[in-house]
Amino acid sequence: MRYITAGESHGPELTAIIEGLPAGLPLTAADINHELARRQTGYGRGGRMLIEKDQVRITSGIRHGKTLGSPVTLVVENKDWKNWTKVMAIEEVPEKDRKLRRVARPRPGHADLVGGMKYRHQDLRNVLERSSARETTMRVAIGAIAKKILKELEIEVAGHVTMLGGIKAAIPDGLTVQEIAERSEASEVRVLDPSVEEEIKQLIDQTKRNGDTIGGVVEVLIGGVPAGLGSYVQWDKKLDAKIAQAVVSINAFKGVEFGVGFEAGVLPGSQVMDEILWDQQKGYTRRSNNLGGFEGGMTNGEPIVVRGVMKPIPTLYKPLQSVDIDSKEPYKASVERSDSTAVPAASVVCENVVATVVANEILEKFPSDSFEELQTAVQEYRDYLLHY
Ligand code: EPS
């Protein structure tokens, strides 16, 4: 499966083309809209989310509710476009309209300045329109299809926030992936620990009043994954490495860790390695899951546990020092509409991005021209693993 996304934040629409999906996968616009709506929730979003109500239009690759095996095209309209028709016009505009909402004071931490330098743009809007996290809409739309494949193969996905603006949310012991998904869904900030919910919301309110922004850490779990996805034989075949790239590719994400993560550099080996067990019903399992479901770049059959850290959004209502690219004079950076935090939404994005990588790996490992063929092959492989 390969895919590409396109679209500017305030352009007419966002688009994705996905090629390599198996034929015969049941898929409706409702499956995708469900994920798109989840991405739009979360305490701390700004005014834009009141304008958009993301709904997908499928324009190829599906007939009578099932994929055809041909490329699937997804389109999501930007409702805000009608307010930007002159600024974002595709065709030439009169001289007087050319500088409408021009951006000349780059925001520190955003792509504005370097993007302008690289592509020789004199209006930094040409950079910010595409570097905007609006793009994550299409990654979630693609992820919704990936999640559908995983669900049909009895692989579960959950995402939640483990820390927001320095406030840690505890993770109760013994929850299944499904229970984590349900608890996170019930929280406005997607935490599993209701005792910190109010404190986090107050911090978001205070941050907004200060004209500032906050980041955090999100965790994604994927349960029911068979052992042996990915490979140790070559650097670019390691599945944890592919997931790491995908997570850090989410706008504003700066780091990634699996299982105990960076703690692995602190603890002795005896407290990091997951001891191997065997029983007739389950085959091989591990006593713990400190390595987050990976050994040698391959899934080991335990749930995948991956965390990503999101920096605070760089667009501040109380802007930071910058330089005007025309005069080179020091100025405060441009102020665009912003969110105080998008960490809860980013947890949904992260779920979908990780699901996409895992679904893709499954499509590569097993015969997948048709979904029926894929299901049979995965079942046979699971039976084989049980008897290994
Ligand atoms: C974003 C800035 C804001 C966010 C946007 C990402 O948009 P606007 O400039 O239109 O107010 O709301 O996020 C989305 C539109 C979205 O769908 O998530 C940015 O600069 O990255």
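Sequential numbering from 0 applies to the sequence shown in numbering that gives the first Met the number 0. We put the CB at the ideal spot given by N, CA and C, even for glycine.
Practice task
With hydrogens ignored, establish whether the beta-carbon of S248 is closer than 7 Å to any heavy atom of the ligand EPS.
Solution key: no
Problem - Euclidean distance between Cα positions of G45 and D273 - result: 43 Å
Handout entry: Backbone CA spacing between E51 and Q244 [nearest angstrom]
Key = 29 Å
Exercise for the section: Flag M137 as yes when its Cβ comes closer than 7 Å to any non-hydrogen atom of the ligand EPS, and as no otherwise. Expected result: no
Handout entry: Residue range of the unbroken beta strand (DSSP E) whose run includes P457
Key = The requested residue 457 is not part of the displayed model; the chain covers only 0 to 387.
Practice task
Check V322 in the structure and name its three-state DSSP category.
Solution key: strand
Exercise for the section: State yes or no: is the C-beta of N343 within less than 8 Å of the C-beta of Y42? Expected result: Reading off the sequence, residue 343 comes out as Pro, not Asn. Contact: yes.
Exercise for the section: Starting from V2, follow the beta strand (DSSP E) in both directions and report where the run begins and ends. Expected result: Before going further, note that residue 2 is Tyr rather than Val in the sequence given. Here the beta strand (DSSP E) through Y2 covers 1-5.
Exercise for the section: Reducing DSSP to helix, strand and coil, say where R56 ends up. Expected result: strand
Handout entry: Three-state class that DSSP yields for L276 in the structure shown
Key = strand
Problem - Sheet register partners of M309 (DSSP bridge) - result: G215, F252
Exercise for the section: Could you check the C-alpha separation between T40 and E187 for me, to the nearest Å? Expected result: 8 Å
Exercise for the section: Tell me whether Q374 is buried or exposed, calling it buried when 16 or more other Cβ atoms sit within 10 Å of its Cβ. Expected result: buried
Handout entry: Member of M48, V75, L49, R47 whose CA lies at the smallest distance from the CA of T58
Key = V75
Handout entry: In chain order, each beta strand (DSSP E) run of at least 3 residues that lies wholly inside the region 14-52
Key = none
Exercise for the section: Taking Y316 as the reference, give the member of H120, T212, L112, A180 with the closest Cα. Expected result: T212
Handout entry: Inter-residue CB distance, I203 and C349 (contact presumed, cutoff 8 Å)
Key = That belief does not hold up - the Cβ atoms of I203 and C349 are roughly 19 Å apart, past 8 Å.
Exercise for the section: With DSSP as the reference, please indicate the residues paired to A157 in a beta bridge. Expected result: L220
Practice task
Check whether the Cβ of A345 lies closer than 7 Å to any heavy atom of the ligand EPS, and answer yes or no.
Solution key: no
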